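Peer 1: The structure that follows is given in the form of structure tokens.
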Amino acid sequence: MKKTIITYLITLAFTLVVSGCASPPTVYLYGKYLEPSKVQALSEQLTDQGLNVEVNDFDFPTSVSTNTLLYSLLLQSPEAIDNTTSIAEHAGYSINRVQSLTQGNHWYTKNSLALFVFPDGNRPHGTLLAQDLIHSYIANGCGNGERLTLYKDGTYTLTLQTPTSSEDVKGKWKYRQFPYLELQEPNSPYANYYFEISRVVSEDKVSKLDLTHLHLLNANSTNPLASECVFTYGVRI
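Structure (structure tokens):
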């Protein structure tokens with residue numbers, strides 16, 4: 115009995131020490147799409163509940179299209195997930211997605227969470243998700259470039275046409291953040307082509323057109339695409 119009591123006291127003491135050493139989680143608040151006053155108010159509410167808060171105006175990952183809470187698997191206080199969700203919802207931002215992550219940015223491996231909020235709960239009109247880019251684009255003023263096709267699996271085919279031959283250049287495409295697209299050929303340590311994405315609504319005699327343009331940014335002597343190159347995909351609306 116005496117041994118059991120001693121063991122219990124030692125365990126209790128150890129628990130108290132660990133609890134005392136545990137630091138509060140850090141919430142990385144992505145406030146790019148909120149008014150400064152809204153960001154400050156939400157930050158203060160999180161802080162008032164004992165959470166550390168770091169505010170930034172970084173671009174959101176392209177995979178985030180709705181109010182989202184991401185948390186590290188090394189989170190020392192799991193209750194912080196529900197607390198952060200509740201605070202955000204009380205402030206008027208319903209959290210539509212909660213997910214753990216094990217890789218990526220630096221905060222994924224720390225005692226932390228990342229909170230992404232939009233004024234209306236979803237990504238504002240005018241930006242794009244990676245899925246929105248999966249199309250076949252027709253070249254305009256692209257020199258040897260004739261067509262660019264982006265596939266769902268992250269690969270692409272760039273069709274080059276010369277007076278005597280046709281060649282399909284293949285590789286991987288990356289969309290890290292709006293409005294930039296990268297094309298990287300196999301065995302290349304860096305991207306070979308950089309494009310700036312733009313979207314416009316045009317109109318012809320039939321109907322309105324939703325056009326996505328890819329404007330080449332890095333024309334040079336080793337690049338088979340002309341400096342004024344633009345690839346375009348359009349759909350009638």
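In this note's numbering, each number is its position in the sequence shown, counted from 1, plus 114.
All C-beta atoms, glycine included, are put in the ideal place defined by N, C-alpha and C.
If you're wondering where the values come from, they're calculated on a predicted model, not measured in any experiment.
#1: Rounded to whole angstroms, what is the Cα-Cα separation between A194 and P150?
#2: Within 8 Å, do at least three Cβ pairs link the segment 342 to 349 to the segment 257 to 266?
#3: Just verifying my parser: in three-state terms, what is the DSSP assignment at I209?
#4: So is K116 buried or exposed if we call it buried at 16+ other beta carbons inside 10 Å?
#5: For Y207, collect the residues of the same chain with a Cβ closer than 6 Å to its Cβ; drop the 5 residues on either side in sequence, then sort them by chain order.
#6: By Cβ distance below 8 Å, which residues in the same chain neighbour N368 in space, the five residues on each side in sequence not counted?
#7: Out of L272, L243, D246, T241, which has the shortest C-alpha to C-alpha gap to I252?
#8: Which term fits I201, buried or exposed, when burial requires 16 or more other beta carbons within 10 angstroms of its beta carbon?
#9: Using the C-alpha atoms, what's the distance from L156 back to K146?
#10: Can you look up S200 in the DSSP assignment and give me helix, strand or coil?
#11: Along the beta strand (DSSP E) that carries A155, what are the first and last residues, could you check?
#12: How should T276 be labelled, buried or exposed, when 16 other C-beta atoms within 10 angstroms of its C-beta is the threshold for buried?
#13: Distance check for N225 and S186, CA to CA, integer angstroms please.
#14: From K288, V141, N236, pick the residue whose C-alpha is nearest to that of S191; which is it?
Peer 2: Let's see:
#1: 24 Å
#2: yes
#3: coil
#4: Because the pLDDT of K116 is 44, which lies under 50, any placement of that residue in the model is unreliable, and the number read from its coordinates should be weighed accordingly. Its Cβ having fewer than 16 others within 10 Å, K116 is exposed.
#5: N181, V231
#6: Outside the shown range of the chain, which is 115 to 351, sits residue 368, and nothing can be said about it.
#7: L272
#8: buried
#9: 13 Å
#10: helix
#11: No beta strand (DSSP E) contains A155, which is instead part of the alpha helix (DSSP H) from 150 to 162.
#12: exposed
#13: 6 Å
#14: V141
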